[in-house]
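Report on the structure given below.
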Amino acid sequence: MTAEQYWEKFINEHPEYEGKSYTAWPFGADPDVLAELVVSGKKTLTCSSLKEYEMENESLPEAGDISIVLGADDTPKCIIENTKVYTIVFRDADEEIAYKEGEGNRSLSYWRQAHIDFFEWLYPEMGLEFKEDEKIVVEEFKLIYVQRYS
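Numbering-wise (the working numbering), the sequence shown opens with residue 1128 and increments by one.
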């Protein structure tokens, strides 16, 4: 099923969203695992690099934005809606952010190391070096639709 077909199915069941726009994308380094964390309710937040948005001249996400979360093979897994978006300095991330991100043991130490590893991989791709005083974009979201299919 394509993202467009998934969206049509969603709209048929939730006509109040008709006319709204959406984006479709996979989460980070392990899209299937991260999408499953969203579907299970463990993951209600994601973080990304502000620098990446700036380098790609891309608008920042906003509260109310709707996204179809894709798996590694671009198969739609669920639909989420942003409830809150803000920027913070990486080193100021706290236990609540780590817990809501839902990964690993949900501790701040796990979160920090996983994100340092990811950003130390990402930043050289942009010709930059990651430092812990970099700003990150934090998106809190709610799961609004899951439709399993074969």
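Even for Gly, the Cβ is constructed at its ideal location relative to N, Cα and C.
None of these values were measured; they are calculated from a predicted model.
Residue i - partner residues in DSSP beta bridges
{"i": "N1209", "result": "F1268"}
{"i": "S1175", "result": "V1264"}
{"i": "V1196", "result": "W1152, C1205"}
{"i": "A1224", "result": "Per the sequence presented here, residue 1224 reads as Ile, with Ala not at that position. I1224 pairs with nothing; no bridge assigned."}
{"i": "V1216", "result": "K1262"}
Through-space distance from residue j to residue i, alpha-carbon basis
{"i": "I1271", "j": "I1207", "result": "5 Å"}
{"i": "Y1213", "j": "P1203", "result": "26 Å"}
{"i": "D1260", "j": "D1219", "result": "9 Å"}
{"i": "T1210", "j": "K1136", "result": "23 Å"}
{"i": "V1166", "j": "E1140", "result": "18 Å"}
{"i": "D1244", "j": "E1189", "result": "26 Å"}
{"i": "V1160", "j": "L1197", "result": "11 Å"}
{"i": "M1128", "j": "W1152", "result": "14 Å"}
{"i": "G1254", "j": "L1177", "result": "15 Å"}
{"i": "E1256", "j": "V1216", "result": "15 Å"}
{"i": "K1170", "j": "L1164", "result": "5 Å"}
Same chain only: Cβ atoms within 7 Å of residue i, ignoring 5 sequence neighbours per side
{"i": "E1145", "result": "I1138"}
{"i": "G1155", "result": "L1161, F1245"}
Short Cβ contact (8 Å threshold) for residue i with residue j
{"i": "C1205", "j": "V1264", "result": "no"}
Cut-off 6 Å between Cβ atoms - residues of its own chain near residue i, not counting five sequence neighbours on either side
{"i": "Y1226", "result": "R1233"}
Any chain D beta carbon closer than 8 Å to residue i
{"i": "L1255", "result": "Any reference to chain D falls outside this structure, which holds one protein chain only."}
Closest Cα partner of residue i within the set the options
{"i": "Q1180", "options": "L1172, R1275, L1249, D1200", "result": "As written in the sequence, residue 1180 is Tyr, which differs from the Gln given in the question. The shortest C-alpha separation from Y1180 is found at L1249."}
{"i": "Q1274", "options": "L1187, P1153, E1185, I1195", "result": "I1195"}
{"i": "E1299", "options": "G1231, S1236, F1257, S1186", "result": "Nothing in the structure corresponds to residue 1299, since the chain is present only between 1128 and 1277."}
{"i": "E1185", "options": "D1157, T1150, P1251", "result": "T1150"}
{"i": "I1193", "options": "W1134, P1251, K1258", "result": "W1134"}
Cβ-based neighbour list, residue i, same chain, cut-off 8 Å, excluding 5 preceding and 5 following
{"i": "L1172", "result": "I1224, K1227, E1228, G1229, V1265, E1266, E1267, F1268"}
Check: residue i C-beta below 7 Å from any heavy atom of the ligand SAH
{"i": "E1163", "result": "The ligand SAH is absent from the structure shown, which contains no ligand whatsoever."}
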